[in-house]
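A.B. asks: Position in the sequence shown (first residue = 1) + 107 = the numbering used here.
All C-beta atoms, glycine included, are put in the ideal place defined by N, C-alpha and C.
All values derive from a computational prediction rather than experimental measurement.
Before anything else, here's the structure in question.
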Amino acid sequence: MSVFVFAAKTEDVKEGEILPLILQETRIALTRINGEVRAFGDICTHDDGPLSEGYIEDRCVVCPRHGAKFDLETGKPTFPAVTPIPIYPVTIKGNEIWVGLPETVS
Ligand code: FES
């Protein structure tokens with residue numbers, strides 16, 4: 108189950124740019140690809156590089172540290188990373204972007 112939380116205004120997320128955020132103590136990043144907003148984990152699974160400091164290329168985010176590319180549909184990486192990053196569901200309400208985070212058990 109996901110809990111959707113407000114993340115940003117739609118006008119704050121530009122095509123091909125990356126917006127880093129912390130939502131409920133989770134580092135995520137938003138981008139826009141072909142007009143569609145994507146939300147993904149902002150920590151590279153290779154060695155914790157900040158993906159929001161990388162760039163978007165071919166529907167992927169490229170890590171600024173060692174160049175692993177993560178598919179923003181599936182989270183799957185290329186070398187040297189081997190573990191996918193989380194991809195979060197996104198819903199748009201008017202001009203607001205809401206991101207679905209895993210429900211935490213308390
Ligand atoms: S920290 Fe991202 S590729 Fe190494």
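When the Cα of E180 is compared with those of E124, S109, E122 and F147, which residue comes out closest?
C.D. replies: As a position in the sequence shown, residue 180 is number 73, starting the count at 1. The shortest Cα separation from E180 among E124, S109, E122 and F147 belongs to F147.
A.B. asks: Please report whether the beta-carbon of E160 lies at a distance below 8 Å from any beta-carbon of chain B.
C.D. replies: Structure shown: chain B not included; a single protein chain is present.
A.B. asks: How about V120 and L126: are their beta carbons less than 8 Å apart?
C.D. replies: Start at 1 with the first residue of the sequence shown, and residue 120 comes out as number 13. Start at 1 with the first residue of the sequence shown, and residue 126 comes out as number 19. Yes, Cβ-Cβ distance for V120 and L126 is below 8 Å.
A.B. asks: State buried or exposed for I150, treating a residue as buried only when at least 16 other CB atoms are found within 10 Å of its CB.
C.D. replies: Mapped onto the sequence shown, residue 150 falls at position 43. Under this definition I150 is a buried residue.
A.B. asks: When we look at the beta-carbon of P184 and count the other beta-carbons within 10 Å, is it buried (16 or more) or exposed?
C.D. replies: Position 77 of the sequence shown, counted from the start, is the residue given in the question as residue 184. Buried is the call here.
A.B. asks: Check whether the Cβ of A188 sits closer than 7 Å to any heavy atom of the ligand FES, and report yes or no.
C.D. replies: For this step, residue 188 is matched to residue 81 along the sequence shown. Answer for A188: yes, Cβ within range of the ligand FES.
A.B. asks: Taking buried to mean at least 16 other C-beta atoms within 10 Å of its own C-beta, is K200 buried or exposed?
C.D. replies: Counted from its first residue, the sequence shown places residue 200 at position 93. The residue in question, K200, is exposed, as its Cβ has fewer than 16 Cβ neighbours within 10 Å.
A.B. asks: Considering only C-alpha positions, which residue in the set L208, P157, I140 and W205 is nearest to D178?
C.D. replies: By one-based count along the sequence shown, residue 178 stands at place 71. Nearest C-alpha to D178: I140.
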